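Counting in my numbering, the sequence shown runs from 65 upward without gaps. Idealized CB from N, CA, C, for every residue including glycine. Only a predicted model underlies this, so the values are computations on that prediction, with no experimental measurement involved.
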Amino acid sequence: MLAALCWVTNLSEGSLSGQPPPVAYSTMLLKLFLNCRPWNAASWASLVILGWATALGKIVPLEFLINFIILGFFSVLLNGFSFAVNNVFDIEEDRRAGKKSNLVATNEVSARWAIVFSLIVGTVSTAFFAYACGLEGALLSLACLTLGILYSAPPFRLKEKPFLDVLSHGLFLGSFLVLLGAYFQGGIPNNTTYAYALAFFFISCIFQLQNMLGDYVFDSDAGIKTSIVRLGSLKRGRIASSIFILAGIAATLASVWRFSLDWLPLSVLLFIQVLNFLLIQPKTPVYVVYVYQKRVQPYLMVCWGVILLLVTLAL
Numbered sequence: 065m066l067a068a069l070c071w072v073t074n075l076s077e078g079s080l081s082g083q084p085p086p087v088a089y090s091t092m093l094l095k096l097f098l099n100c101r102p103w104n105a106a107s108w109a110s111l112v113i114l115g116w117a118t119a120l121g122k123i124v125p126l127e128f129l130i131n132f133i134i135l136g137f138f139s140v141l142l143n144g145f146s147f148a149v150n151n152v153f154d155i156e157e158d159r160r161a162g163k164k165s166n167l168v169a170t171n172e173v174s175a176r177w178a179i180v181f182s183l184i185v186g187t188v189s190t191a192f193f194a195y196a197c198g199l200e201g202a203l204l205s206l207a208c209l210t211l212g213i214l215y216s217a218p219p220f221r222l223k224e225k226p227f228l229d230v231l232s233h234g235l236f237l238g239s240f241l242v243l244l245g246a247y248f249q250g251g252i253p254n255n256t257t258y259a260y261a262l263a264f265f266f267i268s269c270i271f272q273l274q275n276m277l278g279d280y281v282f283d284s285d286a287g288i289k290t291s292i293v294r295l296g297s298l299k300r301g302r303i304a305s306s307i308f309i310l311a312g313i314a315a316t317l318a319s320v321w322r323f324s325l326d327w328l329p330l331s332v333l334l335f336i337q338v339l340n341f342l343l344i345q346p347k348t349p350v351y352v353v354y355v356y357q358k359r360v361q362p363y364l365m366v367c368w369g370v371i372l373l374l375v376t377l378a379l
């Protein structure tokens, strides 16, 4: 796991990102943290919170709030590790795409310090989950970190391996996070936990497919061989994504029978899958998808996540 990261630190700064201008330590720390893309990390950290909610017993408001903040913070660090590592290995692609969230690509932080900071973040978050969730927490958090590296770093770089780019995303930014949260403070996963883990595996994969469809032209021109690019056309990508989403919907419905899931969380889980199925259809105008992704989806996902959390706590 450390081999790929050490490989980067041995490269010259100029070969990766250039030498950023000197800054105050406080400013550098802030930028290193921002390079972990905390807003993106927080959206996936919500899966840890949901997993915790599935195994939560009696709720004491003040204790719940404190644990919510603590668990949320370390979950952001855990996911932030993967985003920071991804930024280091996607420098040229993100420069061409003009992405401002990659501070290594914009020369605001160096690749060397980005790697060092991500190692610190990963170690701290893993230590926390080992302490708060036991052996299962240590293993699951390590699995998330390992897949986060394999996803971005050569020679594996799963994000350019057919099918593995989607499936790995569904694990380290999906099922594993839900299961991890369920073990918090001695919790035990239950039928609801397993149903959520299954559903969020497909939901995470669906969001990955949606991103690949949106980046199809850029990835194709840049020679980035995602699963969608390898299919040879955007139409084939839409068809394959539709089939996968339908499989996810079927699996979520099957969880009702297998795990005796209540109909209310089921309907909330199905809503986002059905919505994304409609969005990727060929007859959906491109501008509608663009407006949805840029203007509607961020706020919709916050509202959707809050509703699902409240529904879960009410079970």
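When you compare only the Cα positions, how much space is there between Ala311 and Tyr258?
Here the question's residue 311 lines up with position 247 in the sequence shown. Here the question's residue 258 lines up with position 194 in the sequence shown. Going by the C-alpha atoms only, they are around 17 angstroms apart.
Is the beta carbon of Leu96 closer than 7 angstroms to that of Phe181?
Along the sequence shown, one-based indexing puts residue 181 at 117. Along the sequence shown, one-based indexing puts residue 96 at 32. Cβ atoms of Phe181 and Leu96: closer than 7 angstroms.
Taking Gly251 and Ala119 to be in contact with their CB atoms under 8 angstroms, please state how far apart those CB atoms are, rounded to whole angstroms.
Taking the sequence shown and counting its residues from 1, the one referred to as residue 251 is at position 187. Taking the sequence shown and counting its residues from 1, the one referred to as residue 119 is at position 55. Right, their Cβ atoms sit about 4 angstroms apart.
Classification of Asn255 by the beta-carbon crowding that lies within 10 angstroms, buried from 16 upward
Numbered from 1 along the sequence shown, position 191 holds the residue referred to as residue 255. Burial call: exposed.
Could you round the C-beta distance between Ser216 and Phe153 to whole angstroms and report it? I think they count as a contact, below 8 angstroms.
Locating residue 216 in the sequence shown gives position 152, where the first residue counts as 1. Locating residue 153 in the sequence shown gives position 89, where the first residue counts as 1. 5 angstroms between Cβ atoms; contact.
Since Thr376 contacts Pro329 with CB under 8 angstroms, what's their CB separation in whole angstroms?
Translated into positions along the sequence shown, residue 376 becomes position 312. Translated into positions along the sequence shown, residue 329 becomes position 265. Rounded, the Cβ-Cβ distance is 6 angstroms, consistent with contact.
Contact set for Lys268: own chain, Cβ-Cβ below 6 angstroms, skip 5 residues either direction
As a working mapping, residue 268 is identified with position 204 in the sequence shown. Before going further, note that residue 268 is Ser rather than Lys in the sequence given. For Ser268, where only same-chain residues beyond five positions count, the Cβ hits under 6 angstroms are His233, Gly234, Leu237, Gly238.
Please say whether Gly369 and Gly245 have beta carbons closer to each other than 7 angstroms?
Looking up residue 245 in the sequence shown gives position 181. Looking up residue 369 in the sequence shown gives position 305. Not closer than 7 angstroms, so no.
Excluding the 5 residues flanking Phe341 on each side, which residues of the same chain have their C-beta closer than 6 angstroms to its C-beta?
By 1-based counting over the sequence shown, the position of residue 341 is 277. So the qualifying residues of the chain are Ile309.
Quick one: any contact between the stretch 275-286 and the stretch 201-215, if contact means 3 or more CB pairs under 8 angstroms?
no
What is the rounded straight-line gap between the Cα of Ala109 and the Cα of Thr187?
Within the sequence shown, the letter at position 45 stands for residue 109. Within the sequence shown, the letter at position 123 stands for residue 187. Approximately 17 angstroms, taken between the alpha carbons.
Take every Cβ of the stretch 291-303, pair it with every Cβ of the stretch 329-338, and state whether three or more of those distances are shorter than 8 angstroms.
no
I'd like the span of the alpha helix (DSSP H) that includes Lys122, first residue to last.
Within the sequence shown, numbered from 1, the residue matching residue 122 stands at position 58. Counting along the chain, Lys122 falls outside any alpha helix (DSSP H), and DSSP gives it neither H nor E.
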